[in-house]
Amino acid sequence: MNTATAIRKQTIAKAMSEALASEMERDANVIVLGEDIGKLGGVFGNTGGLLEKFGANRVFDTPISETGFIGAAVGMAGAGMRPVVELMFVDFFGVCMDAIYNLAAKQAYFSGGQVSCPMVLMTSVGGGYGDAGQHSQCLYATFGHLPGMKVVIPSNAHDAKGLMLAAIRDENPVVFMFHKALQGMGWLGTVAGSITDVPEGDYEVPIGKAGVVREGTDITLVGLGVTVHHCLAAADALSREDGVEAEVIDIRTIAPLDRETILASVRKTGRVVVVDDDYLSCGLAGEVITSIAEAGIPLASPPQRISHPDIPIPFSPALEHAVLPNAEMTLAAARQSIGERA
Amino acid sequence: MTISNQSHRLWMYENMVKSRAFEDAIKPAYFEGKTPRFNMANGPIPGEMHLSDGQEPCAVGVCAHLHEGDTVTATHRPHHAAIAKGVDLDRMAAEIFGREAGLSGGRGGHMHLFDASVNFACSGIIAQGMGPALGAAMAAKLRGSDNVAVAYIGEGAANQGAFHEVMNLASVWRAPLIVVIEDNGYGVSVSKASCTAVARNADRAAAYAMPGIHVAGNDPDAIYEAAGEAIARARRGEGPSLIEIETSRLEGHFMGDQEGYRPEGEKDRLKAIDPIPRYRERLLADGFDTAELDACEKRAQQAVDAAFVFARGSALPDQASAFTSVFTERSAA
Ligand SMILES: Cc1ncc(C[n+]2csc(CCOP(=O)(O)OP(=O)(O)O)c2C)c(N)n1
Ligand SMILES: [Mg+2]
Numbered sequence: 102m103n104t105a106t107a108i109r110k111q112t113i114a115k116a117m118s119e120a121l122a123s124e125m126e127r128d129a130n131v132i133v134l135g136e137d138i139g140k141l142g143g144v145f146g147n148t149g150g151l152l153e154k155f156g157a158n159r160v161f162d163t164p165i166s167e168t169g170f171i172g173a174a175v176g177m178a179g180a181g182m183r184p185v186v187e188l189m190f191v192d193f194f195g196v197c198m199d200a201i202y203n204l205a206a207k208q209a210y211f212s213g214g215q216v217s218c219p220m221v222l223m224t225s226v227g228g229g230y231g232d233a234g235q236h237s238q239c240l241y242a243t244f245g246h247l248p249g250m251k252v253v254i255p256s257n258a259h260d261a262k263g264l265m266l267a268a269i270r271d272e273n274p275v276v277f278m279f280h281k282a283l284q285g286m287g288w289l290g291t292v293a294g295s296i297t298d299v300p301e302g303d304y305e306v307p308i309g310k311a312g313v314v315r316e317g318t319d320i321t322l323v324g325l326g327v328t329v330h331h332c333l334a335a336a337d338a339l340s341r342e343d344g345v346e347a348e349v350i351d352i353r354t355i356a357p358l359d360r361e362t363i364l365a366s367v368r369k370t371g372r373v374v375v376v377d378d379d380y381l382s383c384g385l386a387g388e389v390i391t392s393i394a395e396a397g398i399p400l401a402s403p404p405q406r407i408s409h410p411d412i413p414i415p416f417s418p419a420l421e422h423a424v425l426p427n428a429e430m431t432l433a434a435a436r437q438s439i440g441e442r443a
Numbered sequence: 003m004t005i006s007n008q009s010h011r012l013w014m015y016e017n018m019v020k021s022r023a024f025e026d027a028i029k030p031a032y033f034e035g036k037t038p039r040f041n042m043a044n045g046p047i048p049g050e051m052h053l054s055d056g057q058e059p060c061a062v063g064v065c066a067h068l069h070e071g072d073t074v075t076a077t078h079r080p081h082h083a084a085i086a087k088g089v090d091l092d093r094m095a096a097e098i099f100g101r102e103a104g105l106s107g108g109r110g111g112h113m114h115l116f117d118a119s120v121n122f123a124c125s126g127i128i129a130q131g132m133g134p135a136l137g138a139a140m141a142a143k144l145r146g147s148d149n150v151a152v153a154y155i156g157e158g159a160a161n162q163g164a165f166h167e168v169m170n171l172a173s174v175w176r177a178p179l180i181v182v183i184e185d186n187g188y189g190v191s192v193s194k195a196s197c198t199a200v201a202r203n204a205d206r207a208a209a210y211a212m213p214g215i216h217v218a219g220n221d222p223d224a225i226y227e228a229a230g231e232a233i234a235r236a237r238r239g240e241g242p243s244l245i246e247i248e249t250s251r252l253e254g255h256f257m258g259d260q261e262g263y264r265p266e267g268e269k270d271r272l273k274a275i276d277p278i279p280r281y282r283e284r285l286l287a288d289g290f291d292t293a294e295l296d297a298c299e300k301r302a303q304q305a306v307d308a309a310f311v312f313a314r315g316s317a318l319p320d321q322a323s324a325f326t327s328v329f330t331e332r333s334a335a
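Chains V and X supply the protein sequences, listed in that same order.
Each residue of the first sequence is one higher than the one before, counting from 102 in this note's numbering.
Each residue of the second sequence is one higher than the one before, counting from 3 in this note's numbering.
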């Protein structure tokens with residue numbers, strides 16, 4: 102067997118831990134800290150095996166003291182280290198937001214470039230499995246709104262590894278979101294398309310670049326994280342059943358947003374549906390559509406967005422599944438867009 | 003024979019048994035649809051499930067002193083405290099099943115049980131129940147009632163900033179607040195010993211000039227005594243107290259937890275000192291009748307059985323209800 106070309110199917114969790122391990126080997130300044138990331142290997146499996154491999158001086162479990170340890174990571178980064186911090190759910194960031202948006206995100210600016218802040222903040226996002234309104238949020242727009250930090254979210258394992266390597270090497274704070282529906286943990290369902298071939302070697306997926314994950318000419322479907330898979334499923338159905346070829350864009354980096362890739366696609370197709378699973382108002386989908394409007398791109402039908410409505414995420418599956426964006430909603434919106442004229 | 007002036011002990015026993023029976027009924031229901039492949043999204047109760055097995059003494063020893071008008075805020079592990087505070091068992095079960103007849107119509111689920119009729123609430127963000135408990139305590143004080151508020155937290159939460167802010171504020175305001183730390187030794191996989199600067203969180207009370215009481219042994223009677231003093235003190239207007247209770251978590255952090263982080267044999271050791279059979283033995287030794295205790299157990303089991311029948315019989319909520327209660331309408335003046 103030729104190992105160089107062997108397919109290595111991996112989950113996002115495995116790809117993230119592999120990227121962490123390889124970067125820790127390469128750069129002694131990289132350390133990992135957070136809750137349950139040591140012995141447990143991370144609630145979502147991102148840090149599996151790191152404690153055993155690198156020891157307690159580079160991988161340490163913290164108390165539930167987020168303001169303290171995230172603030173400390175800002176200080177470590179300023180002092181030349183490259184801390185990777187995990188806080189398991191994005192919903193928990195309320196308790197320590199200052200350390201993130203007022204300290205990490207402004208260190209470079211306030212110091213006029215004297216002090217950088219090369220740190221990575223890993224956190225899970227997303228619902229759909231009945232964990233209710235404090236454990237299911239996405240908050241893409243909340244973080245994307247705040248200048249001074251980069252925000253990424255992979256839709257598959259290949260990108261997870263490449264984005265993680267790029268995030269650790271970035272000189273700036275990077276919020277690395279990972280979607281629970283894609284993570285590949287045994288105890289949560291995993292969208293099959295997120296498990297992909299992950300090359301063994303060193304590669305980066307550049308931050309700030311969206312990806313065209315399916316080419317098409319008739320309509321542009323824009324998603325990120327799990328909604329990329331909703332878009333792909335809708336695109337398949339459109340191709341099979343309607344003879345419509347959709348182009349699918351994976352946003353990949355929420356901030357800075359790669360508007361060019363999106364605009365180029367919409368210029369070509371003239372129709373667009375944006376799907377994100379964050380709250381609707383003042384959200385990422387609205388930002389994408391605004392960018393299209395500002396560019397003056399003529400559209401064949403009104404742009405559409407599908408997001409979580411402006412309500413807390415409900416617990417009962419009967420409610421949650423009714424409001425959470427999915428492939429069927431994406432398909433219906435695309436069909437409406439195709440059938441309509443602007 | 004019921005020993006006079008000791009009816010609270012039977013009440014505590016019955017509510018501990020009821021709480022355990024509730025968790026024992028949750029277990030098979032939670033695993034429905036989740037075998038052979040465990041996927042948290044499936045079954046009639048999806049999402050995380052944090053059981054309170056082993057921690058029942060903390061709930062009953064404190065809540066035995068509380069009235070309806072007193073407030074309790076609990077954590078992500080709330081069932082025992084909810085039951086001891088008198089939350090409607092039927093509607094609590096229905097909420098956990100995500101049904102229309104649930105406490106909040108299925109909007110909240112197991113980590114977000116609210117029953118305003120008994121002033122009970124809980125939340126899944128660590129230590130964040132403390133502020134609202136302090137607020138309820140101050141509302142009572144400012145309006146001249148002798149009601150108190152109890153904030154339950156885990157020992158892990160004592161390392162969170164909100165704990166320290168609220169401790170200081172409660173002391174400065176002389177609020178009728180009782181902070182109860184359920185020390186089960188772990189925050190998920192991280193042991194208390196590995197991440198806490200002090201051996202005893204009760205010692206931290208000194209930093210906020212309030213009494214800090216440490217209760218060993220997961221013992222309902224000892225907790226009852228300590229809580230009685232702290233609550234009476236708060237009702238007299240003499241301010242807040244901290245009570246740290248050594249307890250044990252007899253299950254995983256949540257259901258499905260493999261618990262690989264526990265030392266070998268720890269769980270068996272803890273199960274061998276399960277507080278419920280121990281308390282039954284003590285009550286018998288103190289002269290309570292077997293028949294009396296059996297009757298407690300029977301009543302508790304019947305209440306739980308009825309609650310689960312009620313929950314499963316309740317309809318799933320109508321989709322439109324997802325959009326209501328986001329805001330509260332102004333009530334007529
Ligand atoms: C602010 C915040 N950080 C982290 C978490 C994740 N989390 C949920 S439960 C838990 C452990 C809590 O430990 P403890 O307070 O001792 O309560 P126990 O689970 O032992 O009852 C953690 C870290 C959270 N819910 N909120
Ligand atoms: Mg604990």
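The beta carbon of each residue, even a glycine, is placed where N, CA and C say it ideally should be.
A quick note: this is a predicted structure, and the numbers were derived from the prediction, not measured.
* Asked: How should CYS383 (chain V) be labelled, buried or exposed, when 16 other C-beta atoms within 10 angstroms of its C-beta is the threshold for buried?
  -> Exposed, by the Cβ-count rule.
* Among all residues, which have a Cβ less than 6 Å from at least one non-hydrogen atom of ligand 2, and in what chain order do they fall? -> Cβ atoms closer than 6 Å to ligand 2 belong to X:GLY156, X:GLU157, X:GLY158, X:ASN186, X:TYR188, X:GLY189.
* Compare the C-beta of GLY149 (chain V) against all C-beta atoms of chain X and say whether one is closer than 8 Å. => Judged by the 8 Å Cβ criterion, GLY149 (chain V) is not in contact with chain X.
* Asked: For ILE128 (chain X), is the beta carbon positioned less than 7 Å from some heavy atom of ligand 1?
  -> Because some heavy atom of ligand 1 lies under 7 Å away, the Cβ of ILE128 (chain X) counts as near it: yes.
* Asked: Is any heavy atom of ligand 1 found at a distance shorter than 7 Å from the C-beta of GLU97 (chain X)?
  -> Taking non-hydrogen atoms of ligand 1 into account, the C-beta of GLU97 (chain X) is found less than 7 Å away from none of them.
* **Proximal residues of chain X, C-beta to C-beta of VAL196 (chain V) below 9 Å** => Correct list: ILE127, ILE128, ALA129, GLN130, GLN162, GLY163, ALA164.
* Asked: Listed in chain order, which residues of the segment 306-328 of chain V have Cβ atoms closer than 8 Å to some Cβ of chain X?
  -> Answer set for the segment 306-328 of chain V: empty.
* Asked: How far does the alpha helix (DSSP H) with VAL64 (chain X) in it reach, from first residue to last?
  -> Segment 58-65, the alpha helix (DSSP H) holding VAL64 (chain X).
* The beta strand (DSSP E) spanning HIS409 (chain V) covers which residue range? -> It spans 405-409 - the beta strand (DSSP E) in which HIS409 (chain V) sits, taken as one unbroken run.
* Interface residues of chain V facing LEU318 (chain X) [CB-CB closer than 7 Å] -> Within chain V, the residues near LEU318 (chain X) are SER417, ALA419.
* Asked: Does the separation of the CB atoms of ALA135 (chain X) and LEU115 (chain X) fall below 8 Å?
  -> No, the Cβ-Cβ distance between ALA135 (chain X) and LEU115 (chain X) is not below 8 Å.
* Short Cβ contact (8 Å threshold) for VAL182 (chain X) with ALA208 (chain X) -> Not closer than 8 Å, so no.
* To do: Out of X:VAL174, X:ARG109, X:GLN321, X:PHE122, point me to the one whose CA is closest to MET140 (chain X)'s CA.
  => The shortest CA-to-CA distance from MET140 (chain X) to any of X:VAL174, X:ARG109, X:GLN321, X:PHE122 is the one to X:VAL174.
* Hey, out of V:PRO403, V:SER123, V:ARG315, whose CA is closest to GLU348 (chain V)'s CA? -> Considering only alpha carbons, the answer is V:ARG315.
* **Proximity winner among V:THR112, V:GLY142, V:ALA116, relative to GLY262 (chain X) (alpha-carbon distances)** => The candidate whose alpha carbon is nearest that of GLY262 (chain X) is V:GLY142.
* Residues of the segment 157-180 of chain V whose Cβ lies closer than 8 Å to any Cβ of chain X, in chain order -> Contacts with chain X (Cβ-Cβ distance below 8 Å) from the segment 157-180 of chain V involve ASP162, THR163, PRO164, ILE165, SER166, GLU167, THR168, GLY169, listed in chain order.
* Take HIS255 (chain X) and list the residues in its own chain whose beta-carbon comes closer than 6 Å to its own, dropping the five residues that flank it on each side. => For HIS255 (chain X), where only same-chain residues beyond five positions count, the Cβ hits under 6 Å are VAL190.
* **Proximal residues of chain V, C-beta to C-beta of PHE40 (chain X) below 9 Å** => Neighbours of PHE40 (chain X) on chain V, chain order: GLY287, TRP288.
* Could you have a look at VAL375 (chain V) and say whether DSSP puts it in helix, strand or coil? => For VAL375 (chain V), the three-state secondary structure derived from DSSP is strand.
* Cβ separation of VAL226 (chain V) and CYS218 (chain V), assumed to be a contact under 8 Å, to the nearest whole Å -> Their Cβ separation, rounded to whole angstroms, is 22 Å, which puts VAL226 (chain V) and CYS218 (chain V) out of contact at 8 Å.
* Shorter than 8 Å from the beta carbon of GLU50 (chain X) to some beta carbon of chain V? -> For GLU50 (chain X), the nearest beta carbon of chain V is closer than 8 Å to its own beta carbon.
* Asked: Taking Cβ-Cβ distances shorter than 8 Å, what residues in chain V pair up with THR198 (chain X)?
  -> Those are PRO164, listed as they occur along chain V.
* In chain X, which residues lie with their C-beta within 7 Å of the C-beta of VAL444 (chain V)? -> A question about residue 444 (chain V) goes unanswered here, because the residues of chain V that appear run from 102 up to 443.
* Examine ligand 1 and report whether any of its heavy atoms sits within less than 7 Å of the Cβ of VAL182 (chain X). => VAL182 (chain X): no, Cβ never under 7 Å from ligand 1.
* Asked: If we cut at 8 Å on Cβ distances, does SER191 (chain X) have a partner in chain V?
  -> Chain V contact via Cβ: present.
* Asked: In chain order, which beta strand (DSSP E) runs of at least 3 residues are fully inside the segment 153-238 of chain V?
  -> Within the segment 153-238 of chain V, the complete beta strand (DSSP E) runs of at least 3 residues are 160-162, 183-190, 221-226.
* **Stretch pair the segment 13-26 of chain X + the segment 302-317 of chain X: three plus CB contacts closer than 8 Å** => Judged by Cβ distances under 8 Å, the segment 13-26 of chain X makes contact with the segment 302-317 of chain X, as three or more pairs qualify.
* Asked: How big is the Cα-Cα spacing for ILE339 (chain X) and ALA338 (chain V)?
  -> Given that chain X is displayed from residue 3 to residue 335, the structure contains no residue 339 (chain X) and the question cannot be resolved.
* Quick one: is ARG176 (chain X) near chain V, going by C-beta distance under 8 Å? -> So, not an interface residue.
* To do: Mind the definition here: the segment 268-285 of chain X touches the segment 219-232 of chain X only if three or more C-beta pairs lie below 8 Å; say whether that holds.
  => By the Cβ criterion, the segment 268-285 of chain X is in contact with the segment 219-232 of chain X, since at least three pairs of Cβ atoms, one from each stretch, lie closer than 8 Å.
* Taking buried to mean at least 16 other C-beta atoms within 10 Å of its own C-beta, is ASN158 (chain V) buried or exposed? -> By the neighbour-count rule (16 or more Cβ atoms within 10 Å), ASN158 (chain V) is not buried but exposed.
* Asked: Do the CB positions of GLN111 (chain V) and ILE296 (chain V) come within less than 8 Å of each other?
  -> In contact: GLN111 (chain V) and ILE296 (chain V) (Cβ atoms closer than 8 Å).
* Sorted by chain position, which residues of the same chain lie with C-beta nearer than 6 Å to ALA95 (chain X)'s C-beta, five sequence neighbours on each side aside? -> Result list for ALA95 (chain X): ALA309, PHE310, ALA313, in chain order.
* Asked: How long is the line joining the alpha carbons of ILE215 (chain X) and LEU68 (chain X), rounded to whole angstroms?
  -> The alpha-carbon atoms of ILE215 (chain X) and LEU68 (chain X) are separated by roughly 19 Å.
* Asked: Would you report the Cα separation of ARG11 (chain X) and ALA228 (chain X), rounded to the nearest angstrom?
  -> Going by the C-alpha atoms only, they are around 15 Å apart.
* To do: Please name the residue or residues paired with ARG315 (chain V) in a DSSP beta bridge.
  => Residue pairing by DSSP places ARG315 (chain V) opposite V:VAL349 in a beta bridge.
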